[in-house]
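Quick note: the sequence shown, position 277, residue 278 per my numbering, numbers continuous. All C-beta atoms, glycine included, are put in the ideal place defined by N, C-alpha and C. Everything below concerns the one structure shown next.
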Amino acid sequence: MPELMRAVHHRRMDVQTLRWFLSLCDTENMRDTAALERVNQSTLSRALARLEAELGTELFHRHGRRLAVNRFGALFRDHAARAVGELDVARRRIDALANPGTGLIRLGFLYSVGRWLVPEILRDYRAAIPGIRFELHQGFGRDLYAWLDHGDIDAALVTPPPEGANARWHLLREQQLCIALAAGHPLAEVPDLTLGDVRDEPFIAFAPTTDLRRVIDALCREAGFEPVIAFESEEIATMRGLIGAGLGVGVLPRPAVLEHDDPVYRPLGPSQRRPIGLAWNPAPAQTPASARFIEHLVPGERRRT
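So, in structure tokens, the structure goes:
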């Protein structure tokens with residue numbers, strides 16, 4: 002077996018030689034194999050001689066024109082068949098993965114867009130490319146950009162990248178930022194509600210690690226106050242539930258899909274919006290499947306790259 006392992010790593014032993022060897026095992030005839038494989042008998046004979054030289058033993062008994070597999074050939078045939086079979090499976094899997102019409106796209110997305118933007122994009126893209134497959138990953142913005150940087154996902158539906166990130170980003174949607182209050186809150190029906198009107202209310206706030214917390218803190222400072230934080234969370238769904246239950250007020254992006262127990266949303270100024278876009282890492286090169294997906298959402302991107 003040490004000889005076999007050395008031979009497998011030898012630079013001259015290639016898949017074509019293994020295929021010819023397996024064909025010879027089936028036909029037991031040089032001429033028949035040459036015809037089946039569409040190769041000259043002399044080429045086939047030299048390839049077999051090299052293979053036997055590399056292995057250090059003959060693989061066939063010679064009986065005139067007939068070849069009979071000997072015990073060394075039988076042993077090597079089993080390994081060669083498995084090796085060729087594995088390589089064929091790998092090639093088919095790579096073809097399927099890389100094919101822009103049937104490949105796999107690893108898509109990450111923010112928790113807050115999982116109920117509206119993700120289904121919309123997947124539905125539209127699969128209507129155009131029905132054979133495509135998606136592998137989905139939920140996370141916070143910092144997670145998504147780290148996964149992009151490490152090559153763990155191909156693209157992400159996320160807010161703009163932090164300074165210094167390697168990713169490219171393209172705006173797809175904007176969400177209106179709103180003051181969120183419980184439906185029964187005394188200020189819920191006040192016309193033209195402003196942040197100053199809720200300055201004395203307890204705030205259900207985004208965690209300090211989030212981009213939106215920095216945005217909202219700045220808005221509160223512009224309104225002349227520092228909010229009193231009753232609870233902090235990274236999850237919009239949790240914040241929506243707590244505000245809807247009357248435990249405080251907050252500033253949230255207005256969801257595309259409203260739930261029956263959602264809070265009331267009162268828009269801030271028209272310029273106060275949360276951008277959501279597609280992020281991707283231009284290096285290493287995208288697979289054909291993911292490149293086609295990015296091109297679909299960001300027209301002209303393939304020409305740039």
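Exercise for the section: To the nearest angstrom, report how far apart I309 and A156 are at their CA atoms. Expected result: This structure does not reach residue 309, given that the chain is present from 2 up to 306, and the question cannot be answered.
Practice task
Out of R20, L194, T211, N30, point me to the one whose CA is closest to P268's CA.
Solution key: Just measuring C-alpha positions, the residue of R20, L194, T211, N30 sitting nearest P268 is L194.
Handout entry: Cα-Cα separation, G225 to R200
Key = Approximately 9 Å between the Cα atoms of the pair.
Handout entry: Complete runs of the beta strand (DSSP E) confined to the stretch 125-182 [at least 3 residues]
Key = Assignment of beta strand (DSSP E) within the stretch 125-182, counting only whole runs of 3 or more residues, yields 134-140, 156-159, 169-182 in chain order.
Exercise for the section: Give every residue of the same chain whose Cβ lies closer than 6 Å to the Cβ of A219, excluding the five residues on either side of it in the sequence, and list them in chain order. Expected result: Here the set comprises nothing.
Handout entry: Residues near H11 in its chain [Cβ-Cβ closer than 6 Å; skip 5 each side]
Key = Annotation note: pLDDT 44 at H11 (below 50); position unreliable, coordinate value reported separately. Within the same chain, H11 has close Cβ partners E55.
Exercise for the section: Could you check how far apart the C-beta atoms of Q177 and R274 are, in whole angstroms? I think they sit under 8 Å. Expected result: Their Cβ separation, rounded to whole angstroms, is 6 Å, which keeps Q177 and R274 in contact under 8 Å.
Exercise for the section: For G185, count neighbouring Cβ atoms within 10 angstroms of its own Cβ and tell me buried if that reaches 16, exposed if not. Expected result: With a threshold of 16 other beta carbon atoms within 10 Å, G185 falls short and is exposed.
Handout entry: Nonlocal neighbours in the same chain, by C-beta distance under 6 Å from I217, ignoring five residues either side
Key = When the five nearest sequence neighbours on each side are left out, the beta carbons in the same chain lying within less than 6 Å of the beta carbon of I217 are those of V252, in order along the chain.
Practice task
Mind reading off the beta-carbon distance from R241 to P209? Whole number of angstroms is fine, and I expect it under 8 Å.
Solution key: Not a contact, Cβ separation roughly 19 Å.
Exercise for the section: Starting from the Cα of L19, find the closest Cα among L45, A166, I237, A231 and give me that residue. Expected result: Distance from the Cα of L19 is smallest, within the candidate group L45, A166, I237, A231, for L45.
Exercise for the section: Would you list the residues sitting across from W281 in a DSSP beta bridge? Expected result: Answer is A156, R169.
Practice task
Might you give, ordered along the chain, the residues of its own chain that have their beta carbon closer than 8 Å to the beta carbon of A238, omitting 5 neighbours on each side?
Solution key: For A238, where only same-chain residues beyond five positions count, the Cβ hits under 8 Å are Y112, S113.
Practice task
List the endpoints of the continuous beta strand (DSSP E) containing F294.
Solution key: Annotation: F294 is outside any beta strand (DSSP E); the continuous alpha helix (DSSP H) that includes it extends over 289-298.
Problem - Length of the line joining the Cα atoms of A181 and V119 - result: Annotation: A181 to V119 spans about 24 Å, alpha carbon to alpha carbon.
Practice task
Look at the Cβ atom of G249, then the Cβ atom of D262, and state whether they are nearer than 7 Å.
Solution key: In this structure, D262 does not lie closer than 7 Å to G249 by Cβ.
Problem - Where R107 falls: helix, strand or coil (DSSP) - result: Here R107 sits in strand by DSSP.
Exercise for the section: State buried or exposed for G74, treating a residue as buried only when at least 16 other CB atoms are found within 10 Å of its CB. Expected result: G74 counts as buried, since at least 16 other C-beta atoms from the protein chains shown sit within 10 angstroms of its C-beta.
Exercise for the section: Classify I122 as buried or exposed, calling it buried when 16 or more other Cβ atoms lie within 10 Å of its own Cβ. Expected result: Buried is the call here.
Exercise for the section: Take E164 as the anchor and find which of L158, L243, G102, Y146 has the nearest alpha-carbon. Expected result: Nearest in C-alpha terms to E164, of all of L158, L243, G102, Y146, is Y146.
Practice task
Ignoring anything shorter than 3 residues or poking outside the stretch 32-119, list the beta strand (DSSP E) runs there in chain order.
Solution key: Within the stretch 32-119, the beta strand (DSSP E) runs of at least 3 residues that lie entirely inside it are, in chain order, 61-64, 67-70, 105-111.
Exercise for the section: Please state if the CB of V258 and the CB of W117 are separated by a distance shorter than 7 Å. Expected result: W117 places its beta carbon less than 7 Å from that of V258.
Handout entry: Distance, A82 Cα to G104 Cα
Key = The alpha-carbon separation between G104 and A82 amounts to approximately 27 Å.
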